[in-house]
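Structure, as structure tokens:
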DNA sequence: GTCTATACGACGATAGAC
DNA sequence: GTCTATCGTCGTATAGAC
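Chains as they are written, first to last, in our numbering: chain A, 10 to 203; chain B, 10 to 203.
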């Protein structure tokens, strides 16, 4: 069918633009990534680019959404905390993406910014299964039962986000090790200690 | 002396501009705060404003510096963790300032951005005394001695920064309570438990 | 649906007069 | 120290070609 072929081409072009945008951000930083630059890198006019994404801000949000979908596919079979750590570990190899994420996470404070709705949904969707997971781990006695699972999940998220911003400023920070230290703090003290 | 009067006027005008800039950010958000808007609010032309601060980015960094100095004066006499919590508590009443801080903390990932140097210095200066403080608390047995004081301090900073970004997206978050829960986790388990 | 060319208003910043 | 005038760049709306 002709309609399907055209549609498929649109999908492919969209992904090509997302890749070009990420490359420009990685090469020139978030500040230096103009719509014109990204359009050039994708072999398109600025107006052609905006035909797909509506605005620069929506384009950037679409990059994060594509990353989420990729991570979900890649780490779906693993244990949740292992997957979480794997994502953090992988992020240290894509500073451009981390910079984009940090910028949009800050911009999301403005309710009128497209990133606002994205982060609200993402947070709600991501936190729920993790909460149940930690509650189950508490019942198994694997982690302290005197802390609210909701607090644990929120802390992990906020810690990971803050760590990534801090890592951009000081790449010497070992993000996975930092997170693991926090997880270690949640384990109940052995009865034989002290 | 004439020289002194002129200098004093420059200082006063600088602070007036800082106040106007913060008011504009609070009213219109970080995105909506243009140099022209801020200059209007301060009763100045855009060029007149930039005479004092060089660039928009430096102006915003100057706001954070002024806040730091104010906080230092206000909470210097208190216990360090009490002061830390007091700042966090106060921040919940100035969302414009928090938004500005979150945006610049993300922008600091770019080494060419004025916020980069600011955050590097601030972090180094702030973390050192806190590290010694927690090390001392460990020797007194007030907090667990199996965690690195450097890790604690970095976690507190990163947690506070991340929490503020998250709070902008979801103002329902109780930032001080969240931090206090973390501090509670650092206390050694009582010997009588279990 | 896909895309280009053109144009517009707002932006941050600079030069130079006063 | 502060202005006006102006510059180049930005994001993006519009009109219309294919």
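Positions of the beta carbon are idealized from the N, C-alpha and C atoms, including for glycine. Predicted model only: the values in this text are computed from it and were never measured.
In chain order, what residues of the same chain lie with their CB nearer than 6 Å to the CB of residue i, ignoring the 5 residues before and after it?
| i | result |
| --- | --- |
| residue 10 of chain A | Here the model assigns residue 10 of chain A a pLDDT of 46, short of 50, so the residue's position is not dependable and the matter cannot be decided. |
| residue 16 of chain B | none |
| residue 127 of chain B | 70 |
| residue 197 of chain B | 153 |
| residue 80 of chain B | 96 |
| residue 202 of chain B | With a pLDDT of 48 at residue 202 of chain B, under the threshold of 50, the modelled position of that residue is not reliable, and the figure given next carries that caveat. Excluding sequence neighbours, residue 202 of chain B sits near nothing in its chain. |
| residue 189 of chain A | none |
| residue 55 of chain A | 44, 45, 48 |
Skipping 5 residues on each side, what residues in its chain have a beta carbon closer than 8 Å to that of residue i?
| i | result |
| --- | --- |
| residue 136 of chain A | 159, 162, 163, 166 |
| residue 67 of chain A | 123 |
| residue 82 of chain A | none |
| residue 184 of chain A | 97, 98, 100, 101, 169, 172, 173, 176 |
| residue 199 of chain B | none |
| residue 132 of chain B | 166 |
| residue 144 of chain B | 158 |
| residue 37 of chain A | 46 |
| residue 87 of chain A | 95 |
| residue 195 of chain A | 152, 153, 156, 161 |
| residue 150 of chain A | 197 |
| residue 77 of chain B | 131 |
| residue 12 of chain A | Model confidence at residue 12 of chain A stands at a pLDDT of 48, short of 50, so the residue's coordinates are unreliable; what they give is reported in the following sentence. Closer than 8 Å at Cβ, skipping near neighbours: no residue. |
| residue 19 of chain A | 61 |
Which same chain residues, not among the five before or five after residue i, have their C-beta less than 7 Å away from its C-beta?
| i | result |
| --- | --- |
| residue 146 of chain B | 152 |
| residue 51 of chain A | 25, 26, 29, 58 |
| residue 142 of chain B | 89 |
| residue 72 of chain B | 27, 30, 31, 109 |
| residue 23 of chain B | 61 |
| residue 105 of chain A | 31, 34, 35 |
| residue 187 of chain A | 172 |
| residue 1 of chain B | Outside the shown range of chain B, which is 10 to 203, sits residue 1 of chain B, and nothing can be said about it. |
Taking residue i as part of the alpha helix (DSSP H), name the residues at either end of that continuous run.
| i | result |
| --- | --- |
| residue 137 of chain B | 123 to 148 |
| residue 174 of chain A | 158 to 178 |
| residue 47 of chain B | 44 to 50 |
| residue 82 of chain A | 65 to 84 |
| residue 192 of chain A | 184 to 194 |
| residue 104 of chain B | 104 to 116 |
| residue 97 of chain B | 89 to 100 |
| residue 57 of chain B | 55 to 62 |
Along chain A, in chain order, which residues have C-beta atoms closer than 9 Å to that of residue i?
| i | result |
| --- | --- |
| residue 129 of chain B | 178, 179 |
| residue 33 of chain B | Residues of chain A passing the Cβ test: none, with the nearest at roughly 14 Å. |
| residue 40 of chain B | 116, 119, 121, 122 |
How would you list, in chain order, the residues of chain A whose beta-carbon sits under 8 Å from the beta-carbon of residue i?
| i | result |
| --- | --- |
| residue 125 of chain B | 178 |
| residue 61 of chain B | Simply none; closest approach about 23 Å. |
Residues of chain A with CB closer than 7 Å to the CB of residue i, please, in chain order.
| i | result |
| --- | --- |
| residue 198 of chain B | 198 |
| residue 19 of chain B | Near residue 19 of chain B there are no residues of chain A at all, since even the closest Cβ is about 30 Å away, more than 7 Å. |
| residue 111 of chain B | 115, 118 |
| residue 79 of chain B | Those within 7 Å of residue 79 of chain B in chain A number zero; the least Cβ separation is about 22 Å. |
| residue 99 of chain B | Neighbours of residue 99 of chain B on chain A: none; closest Cβ ~18 Å, over 7 Å. |
| residue 83 of chain B | None at all; the shortest Cβ gap to chain A is about 24 Å. |
List, in order along the chain, the chain B residues whose C-beta lies closer than 8 Å to that of residue i?
| i | result |
| --- | --- |
| residue 156 of chain A | 190, 194 |
With a threshold of 7 Å, establish whether the CB of residue i neighbours any heavy atom of the ligand SAM.
| i | result |
| --- | --- |
| residue 134 of chain B | In terms of ligand content, the structure shown is empty, and the ligand SAM therefore cannot be addressed. |
For a contact defined as C-beta to C-beta under 7 Å, what are the partners of residue i on chain B?
| i | result |
| --- | --- |
| residue 171 of chain A | 167, 168, 170, 171 |
| residue 159 of chain A | Result: empty, since nearest Cβ-Cβ is about 10 Å, beyond 7 Å. |
| residue 108 of chain A | 118 |
| residue 175 of chain A | 167 |
What does residue i touch in chain B if you count any residue whose Cβ is under 9 Å from its own?
| i | result |
| --- | --- |
| residue 90 of chain A | Within 9 Å Cβ-Cβ: nothing; residue 90 of chain A doesn't reach chain B, min ~17 Å. |
Three or more C-beta pairs below 8 Å linking the region 56 to 66 of chain A and the region 23 to 38 of chain A:
yes
Does the contact criterion of 3 or more C-beta pairs under 8 Å hold for the region 110 to 126 of chain A versus the region 108 to 115 of chain B?
yes
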